[in-house]
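What follows is a set of notes on a single structure, which appears directly below.
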């Protein structure tokens, strides 16, 4: 009888134990997979065109995003159809020029559209802040803290990438918040 017990024990450890471990693993894996499949999708679904015709007119304003050592925590908010706000944290930096693409603008109309930009920091760090569009610069804030409203015209069906550039003649040892209003105006 003791010999049968040892044989049974050997059979159990060699054959039944792996199956028991597999069943135990499935008890954890199946609920995890179920929860993952029930989680709602948060990505934007592809926009569909019917017969190649789109119904969206106006200007499409899109945040570029990406990582940068100076420009972080970027956010683009739509206030209404013709008003957006952009904000970013400008981290501490050495004296130098820095730039990053921040938004893409696309005119979906068959007429020119004008956009106005007004941006500023709360504290004056003696930084010059510009927008760069098609190798042209538009000053938003000078080294004295004065702000300027800039206008950019987008031609029909044109797509532009807007860069935010900052120039420091001396290093800045703290982070600051940058806010910019973007308003769309028909010409």
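In the numbering used here, the protein residues as written are -3 to 183. Heads up, the beta-carbon is just placed ideally off N, CA and C, and yes, glycines get one too. Remember, predicted model here, so these are calculated numbers, not experimental data.
Check your understanding: Is it the case that the Cβ atoms of residue 82 and residue 98 are separated by a distance below 8 Å?
Key -> For residue 82 and residue 98, yes; Cβs fall inside 8 Å.
Practice item. To the nearest angstrom, report how far apart residue 157 and residue 84 are at their CA atoms. Key: If I take the Cα positions, the gap works out to 17 Å.
Exercise for review: Flag this pair as yes or no: are the beta carbons of residue 179 and residue 149 separated by less than 8 Å?
Suggested key: In terms of Cβ geometry, residue 179 and residue 149 do not form a close pair [threshold 8 Å].
Review point. With DSSP run on the structure shown, which of helix, strand or coil describes residue 14?
Key: Under the three-state reduction of DSSP, residue 14 is assigned to helix.
Check your understanding: When you compare each of 4, 167, 120 and 12 to residue 90 by their alpha carbons, which one comes out closest?
Key -> Restricting attention to 4, 167, 120 and 12, the CA atom closest to the CA of residue 90 is found in 167.
Check your understanding: For residue 7, which three-state DSSP category applies?
Key -> Correct three-state label for residue 7: helix.
**Study point:** residue 177 to residue 100 span [Cα, whole Å]
**Key:** Using only the alpha carbons, I get a separation of about 15 Å.
Exercise for review: Report yes if the C-beta distance between residue 172 and residue 121 is below 8 Å; otherwise report no.
Suggested key: Yes.
Check your understanding: Excluding sequence positions up to five away, which residues of its chain have a Cβ less than 8 Å from the Cβ of residue 135?
Key -> Cβ neighbours of residue 135 beyond the five flanking positions: 124, 125, 126, 144 and 146.
Check your understanding: When DSSP labels each residue in this structure, what does residue 159 get in the three-state scheme?
Key -> If DSSP states are grouped into helix, strand and coil, residue 159 belongs with the strands.
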